[in-house]
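Student: Got a structure for you, written out below as structure tokens; questions coming shortly.
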Amino acid sequence: MKTTIAVILFFLSSATFAQEFNRRQTDEKVKGEILIGLCNKQGFLETPFSDWFKSGYDAYKPDIEIITQLKPYADKYKITVVLGTWCSDSRREIPRFFKVMDNAGYSPNSIKVICVDSQKTAGDTDISTLKFEKVPTIIVTNYNKELGRIVEKPTTTIEADLLNILQKD
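Residue numbering for the sequence shown follows the working numbering, starting at 2 and increasing by one per position.
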């Protein structure tokens, strides 16, 4: 009985400290609903974000040769994505990013997605160490060492830029 109570208390206390994913709020500057703080792909699959996410995801055709080269790196690196659901660059690049990650076999556990408001704050999520100015910013790290980032838009394609970053390590 004591063990059962201890287990229940453990799970209840864990839930208290867990951050909520895919929180929504109204951004007065953009006059609309945005995602804020920690998010995952599921958040983009819900209205009103699904309109731009699904169409961008479905339309993007990643380079299969580069995807094949990305596969051995899957889940060996952490990728942090900072974006604004209000931002046209984010709306263009983030569906493409997820299509590349899905095709290359990356686990959602290796990708941290943080949505910011038009003031580039993320609600309760601490982003002070990320040092970003523009969105989207995709940061690739290995053991907390930054290897590279893609800022606003890739120089060539998402998959090619990611491969260039990963091959430098």
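Virtual Cβ for every residue (Gly too), placed ideally from N, Cα, C. It should be emphasised that the depicted structure is a prediction, and the values quoted were computed from it without experimental measurement.
Going by the CB atoms, is the gap between Val-101 and Ile-139 shorter than 8 angstroms?
Tutor: Position 138 of the sequence shown, counted from the first residue, corresponds to residue 139. Position 100 of the sequence shown, counted from the first residue, corresponds to residue 101. No, Cβ-Cβ distance for Ile-139 and Val-101 is not below 8 angstroms.
Student: Using 8 angstroms as the Cβ pair cut-off and three pairs as the minimum, do the region 133-151 and the region 74-82 touch?
Tutor: The region 133-151 is in contact with the region 74-82.
Student: Can you give the beta carbon distance from Gly-38 to Cys-116, rounded, assuming they're within the 8 angstroms contact cut?
Tutor: Position 37 of the sequence shown holds residue 38. Position 115 of the sequence shown holds residue 116. That belief holds up - the Cβ atoms of Gly-38 and Cys-116 are roughly 6 angstroms apart, short of 8 angstroms.
Student: Report the three-state DSSP secondary structure of Gly-149 (helix, strand or coil).
Tutor: As a working mapping, residue 149 is identified with position 148 in the sequence shown. It is a strand residue.
Student: In this structure, does DSSP put Thr-27 in helix, strand or coil?
Tutor: The residue labelled residue 27 in the question sits at position 26 within the sequence shown. Three-state DSSP puts Thr-27 in a strand.
Student: If distances are taken between C-alpha atoms only, which option among Phe-50, Gln-43, Lys-146, Pro-63 comes closest to Thr-157?
Tutor: Here residue 157 refers to the residue found at position 156 of the sequence shown. Of Phe-50, Gln-43, Lys-146, Pro-63, the residue nearest in Cα terms is Pro-63.
Student: On the DSSP bridge assignment, give the partners of Leu-39 in chain order.
Tutor: On the sequence shown, position 38 is the one that residue 39 refers to. Partner(s): Ile-115.
Student: Could you give the distance in angstroms between the alpha-carbon of Gln-120 and the alpha-carbon of Lys-169?
Tutor: Here residue 120 refers to the residue found at position 119 of the sequence shown. Here residue 169 refers to the residue found at position 168 of the sequence shown. Going from the Cα of Gln-120 to the Cα of Lys-169 covers about 33 angstroms.
Student: What is the rounded straight-line gap between the Cα of Arg-150 and the Cα of Leu-163?
Tutor: By one-based count along the sequence shown, residue 150 stands at place 149. By one-based count along the sequence shown, residue 163 stands at place 162. Computed Cα separation, rounded: 8 angstroms.
Student: On a CA-only basis, which of Leu-167, Cys-40, Arg-92, Leu-36 is nearest Lys-55? Give me that one, please.
Tutor: What you label residue 55 is simply residue 54 of the sequence shown in a count that begins at 1. The shortest Cα separation from Lys-55 among Leu-167, Cys-40, Arg-92, Leu-36 belongs to Arg-92.
Student: When the Cα of Gly-85 is compared with those of Leu-148, Leu-167, Gly-44, which residue comes out closest?
Tutor: As a working note, residue 85 is residue 84 in the sequence shown. Selected option, being the one with the closest Cα: Gly-44.
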